[in-house]
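Peer 1: For what it's worth, the numbering used here labels the leading residue of the sequence shown as 315, then goes sequentially.
Ideal placement from N, C-alpha and C gives every residue a C-beta, glycine not left out.
Note that this is a predicted model, so its numbers are computed, not measured.
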Amino acid sequence: MKQLEADVVVIAAGASGLAAAISAAEGGASVIAFEKASTTGGTGNMGMGPLAVESRLQRLKQIPLTREQAFKIFMDYTHWRVDARLVKAYIDKSASTIDWLEEMGVEFVEPAAYFPGSNFTWHLVKPSTGRPGPTASATMMKLMTERAQELGVQIHLQTPANKILKEGGRIVGVMAEDKSEETIQANAKAVIIATGGFGDNPDMIKKYTGYEWGRDIFSFRIPGLAGDGIRMAWEVGAAESEMTMELVSGSAGITDHLAVAAAFHQPNLMVNLLGERFMNEELSGNTAFTANAISRQKNRCAFMIFDEATKKHYEEKGLDRINMVFPSPVIDNFDSEFKQGLDEGNKNIFMADSLEELAGKTGINPDGLRKTVEEYNKACETHDELFYKSHEYLKP
């Protein structure tokens, strides 16, 4: 068994783990980081950038949101079912965190809003490959890794921690195992758990949220997110609390085709298996709201429907809304992408020449669908009296 010593041991070297390791090392501590994967960054490699309030970049754009306003928005949104002091610290330190990252060489484009009507708090990383988009923050992870190594942080890849050591009521280190299956005992004055959630653990998802992976939801399933840190913390006496999963998208199986994904993130008619509308589609840009609404429907599924006229409108005049995650301003390749998806056997997209045919392919109640389309088309001429959708987004 190999013995190691450090002031601080960090379990996992993703975005939070690297930040913790760098901060500790900048403060003069010796640091060891154990990472299960073969590379650093974790889910940070899949992101686009962090949140910040009252940052230098926001001041340059005269974005008026204050830390106090952001705190109140956050706490109202969560109904105070969160750690208020932690939220306050997160918001208060967010602007200086952007400065800290910029000092490492991370570049950001101007702040963005995640969905229409939201605040401009999203600080999108400018990737080394060019335009911001999915995986842009991998550039940030690379620079953070280099900074950690420069400070002498010992990063052990393919070396998952499996046990937190406790003696006399104090945490004194961790046990880990490297890729050769050699056991490592790392003694430390402090241990920081930065392992993330359990998106890659279908059993935990089912047990603690009630959702069944692959049927009810498709999670942000980064390999290795098995809830290891949560389990280890429980084993040494950490309290269990309510488990949640944030539903961040109402779409599944179309994200490989950007034009199709962009089109299906527009505020078009949405129905459930009964053929009924269930939300104001204008809010579909808020993926959390959309997924929450879908999760309440039969079989936790829903369908967005638009016709050839709407598709031509998008092709000729552009999309109604640009999505930052699927930033496709035009969809002139929609037909080819859609056909490719059908040819590949994608079970989440459908094409039909009539409502009856569409109902047959999807399992939507045909009578309910026909009635809803009739009501929706009338609303397009006058006013949406059901969910008060803005007229500009009503397309028959």
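Which one of Ser451, Gln499, Leu465 has the shortest CA to CA distance from Leu318?
Peer 2: Along the sequence shown, one-based indexing puts residue 318 at 4. Closest option to Leu318, Cα to Cα, is Gln499.
Peer 1: Does the region 514 to 532 touch the region 342 to 353, meaning 3 or more C-beta pairs lie closer than 8 angstroms?
Peer 2: The region 342 to 353 is not in contact with the region 514 to 532.
Peer 1: Which class does Gly513 belong to by DSSP, given the choice of helix, strand or coil?
Peer 2: As a first step, residue 513 is located in the sequence shown; it is residue number 199 there, counting from the start. Looking at Gly513 - three-state DSSP - the assignment turns out to be coil, as it is neither helix nor strand.
Peer 1: CA-CA distance, Arg370 and Pro446?
Peer 2: Here residue 370 refers to the residue found at position 56 of the sequence shown. Here residue 446 refers to the residue found at position 132 of the sequence shown. Their backbone Cα atoms lie some 19 angstroms apart in a straight line.
Peer 1: Measure the alpha-carbon distance for Lys692 versus Val324 and round it to whole angstroms.
Peer 2: The sequence position of residue 692 within the sequence shown is 378, counting from 1. The sequence position of residue 324 within the sequence shown is 10, counting from 1. Each residue's Cα considered, the two are about 59 angstroms apart.
Peer 1: Mapping DSSP to helix, strand and coil, what is Asp492?
Peer 2: Locating residue 492 in the sequence shown gives position 178, where the first residue counts as 1. Asp492: coil per DSSP, three-state reduction.
Peer 1: At what residue ranges does the region 549 to 625 contain a whole run of the beta strand (DSSP E), taking only runs of 3 or more?
Peer 2: Entirely contained in the region 549 to 625, the beta strand (DSSP E) runs reaching 3 residues are, in chain order, 583 to 585, 617 to 619.
Peer 1: Taking the alpha helix (DSSP H) that Asp390 falls in, what are its first and last residues?
Peer 2: Within the sequence shown, numbered from 1, the residue matching residue 390 stands at position 76. Start and end: 381 to 392.
Peer 1: With DSSP as the reference, please indicate the residues paired to Gly734 in a beta bridge.
Peer 2: Nothing about residue 734 can be reported from this structure: the residues present for the chain run from 315 to 710 only.
Peer 1: Any heavy atom of the ligand SAH closer than 7 angstroms to the Cβ of Met389?
Peer 2: Annotation note on the ligand SAH: not contained in the displayed structure, which lists no ligands.
Peer 1: By DSSP, does Lys316 sit in helix, in strand, or in coil?
Peer 2: Counting from 1 along the sequence shown, the entry for residue 316 is found at position 2. Three-state DSSP puts Lys316 in a strand.
Peer 1: Rounded to whole angstroms, how far is the Cβ of Ala329 from the Cβ of Ala335, which I believe are closer than 8 angstroms?
Peer 2: Within the sequence shown, residue 329 is the residue found at index 15, counting from 1. Within the sequence shown, residue 335 is the residue found at index 21, counting from 1. Not really, about 11 angstroms apart at Cβ, beyond 8 angstroms.
Peer 1: Could you pull the DSSP bridge partners for Gln468 from this structure?
Peer 2: Indexing the sequence shown from 1 puts residue 468 at position 154. Gln468 is bridged to Ile346.
Peer 1: Report the partner residues of Gly487 according to the DSSP bridge assignment.
Peer 2: Translated into positions along the sequence shown, residue 487 becomes position 173. Beta-bridge pairing links Gly487 to Leu479, Asn501.
Peer 1: Between which two residues does the alpha helix (DSSP H) holding Val687 run?
Peer 2: Residue mapping note: residue 687 aligns to position 373 of the sequence shown, counting from 1. That run of the alpha helix (DSSP H) goes 680 to 695.
Peer 1: Buried or exposed, going by whether 16 or more other CB atoms sit within 10 Å of the CB of Leu400?
Peer 2: On the sequence shown, position 86 is the one that residue 400 refers to. Looking at its Cβ environment, which holds fewer than 16 other Cβ atoms inside 10 Å, Leu400 is exposed.
Peer 1: Leaving out five residues before and five after Ile536 in sequence, what residues of the same chain have Cβ atoms less than 7 angstroms from its Cβ?
Peer 2: Start at 1 with the first residue of the sequence shown, and residue 536 comes out as number 222. The residues are Gly356, Thr357, Met360, Gly513, Asp514.
Peer 1: Got a sec? Which residues, its chain only, sit under 8 angstroms from Thr459 by beta carbon, not counting five neighbours each side?
Peer 2: Walking along the sequence shown from the start, residue 459 turns up at place 145. Same-chain partners within the cutoff: Ala327, Leu332, Thr354, Gly355, Ile469.
Peer 1: By DSSP's criteria, Phe422 is part of a beta bridge. Which residues make up the other side?
Peer 2: The residue given as residue 422 occupies position 108 in the sequence shown. Bridge partners of Phe422: Val439.
Peer 1: Run the CB neighbour count on Met362, radius 10 Å, all protein chains shown included, and call it buried at 16 or more, exposed below.
Peer 2: Sequence index remark: in the sequence shown, residue 362 carries index 48 (1-based). Met362 should be labelled buried.
Peer 1: Using CA coordinates, which residue listed in Thr676, Asn501, Gln376 is at the minimum distance from Asn660?
Peer 2: Locating residue 660 in the sequence shown gives position 346, where the first residue counts as 1. Of the listed residues, the one whose Cα sits closest to Asn660 is Thr676.
Peer 1: Rounded to whole angstroms, what is the Cα-Cα separation between Arg684 and Thr449?
Peer 2: Here the question's residue 684 lines up with position 370 in the sequence shown. Here the question's residue 449 lines up with position 135 in the sequence shown. Computed Cα separation, rounded: 41 angstroms.
Peer 1: Give the DSSP-derived three-state secondary structure of Ile519 in the structure shown.
Peer 2: In the sequence shown, the residue the question calls residue 519 occupies position 205. The answer is helix: DSSP assigns Ile519 an H, G or I state.
Peer 1: Helix or strand or just coil, what does DSSP make of Ile536?
Peer 2: Sequence index remark: in the sequence shown, residue 536 carries index 222 (1-based). If DSSP states are grouped into helix, strand and coil, Ile536 belongs with coil.
Peer 1: May I have the straight-line CA-CA distance separating Arg461 from Ile478, to the nearest angstrom?
Peer 2: Counting from one through the sequence shown, the residue named residue 461 turns up at place 147. Counting from one through the sequence shown, the residue named residue 478 turns up at place 164. Each residue's alpha carbon lies about 26 angstroms from the other.
Peer 1: In angstroms, rounded to a whole number, what distance separates the CA positions of Asn647 and Lys631?
Peer 2: Position 333 of the sequence shown holds residue 647. Position 317 of the sequence shown holds residue 631. Near 14 angstroms, if we compare the C-alpha coordinates of Lys631 and Asn647.
Peer 1: Looking at the secondary structure, which residues open and close the alpha helix (DSSP H) in which Asp303 lies?
Peer 2: Only positions 315 to 710 of the chain appear in the structure, and residue 303 is not among them; the question remains open.
Peer 1: When burial is assigned at 16 or more other CB atoms within 10 Å of the CB, is Pro710 buried or exposed?
Peer 2: Taking the sequence shown and counting its residues from 1, one reaches residue 710 at position 396. When all chains shown are included, Pro710 counts as exposed.
Peer 1: Does Asn582 pass the burial test, meaning 16 or more other C-beta atoms within 10 Å, or should it be called exposed?
Peer 2: Taking the sequence shown and counting its residues from 1, one reaches residue 582 at position 268. Counting Cβ neighbours within 10 Å, Asn582 comes out buried, since at least 16 surround it.
Peer 1: Between the alpha carbons of Phe592 and Ile608, how many angstroms are there, rounded?
Peer 2: In the sequence shown, counting from the first residue as 1, residue 592 sits at position 278. In the sequence shown, counting from the first residue as 1, residue 608 sits at position 294. Their Cα atoms are separated by approximately 8 angstroms.
Peer 1: When the Cα of Met680 is compared with those of Trp548, Glu590, Lys626, Ala575, which residue comes out closest?
Peer 2: The residue you call residue 680 lines up with position 366 of the sequence shown. Note that residue 680 is Pro in the sequence shown, not Met. Checking every option, the nearest Cα to that of Pro680 belongs to Glu590.
Peer 1: Identify whether Ile544 lies in helix, strand or coil by the three-state DSSP scheme.
Peer 2: Walking along the sequence shown from the start, residue 544 turns up at place 230. Looking at Ile544 - three-state DSSP - the assignment turns out to be helix.
Peer 1: What did DSSP end up calling Ile405 once you bin it into helix, strand or coil?
Peer 2: Here residue 405 corresponds to residue number 91 of the sequence shown, with the count starting at 1. Of the three classes helix, strand and coil, the one that applies to Ile405 here is helix, per DSSP.
Peer 1: In whole angstroms, give me the CA-to-CA distance for Glu481 and Phe701.
Peer 2: Sequence index remark: in the sequence shown, residue 481 carries index 167 (1-based). Sequence index remark: in the sequence shown, residue 701 carries index 387 (1-based). Approximately 58 angstroms, taken between the alpha carbons.
Peer 1: Grab the span of the alpha helix (DSSP H) containing Thr473 for me, first residue to last.
Peer 2: The residue you call residue 473 lines up with position 159 of the sequence shown. Thr473 -> no alpha helix (DSSP H), and no H or E assigned at all.
Peer 1: In whole angstroms, what separates the C-alpha of Ala403 from that of Ile645?
Peer 2: For the purposes of this step, residue 403 is taken as residue 89 along the sequence shown, with counting starting at 1. For the purposes of this step, residue 645 is taken as residue 331 along the sequence shown, with counting starting at 1. Whole-angstrom Cα-Cα distance: 42 angstroms.
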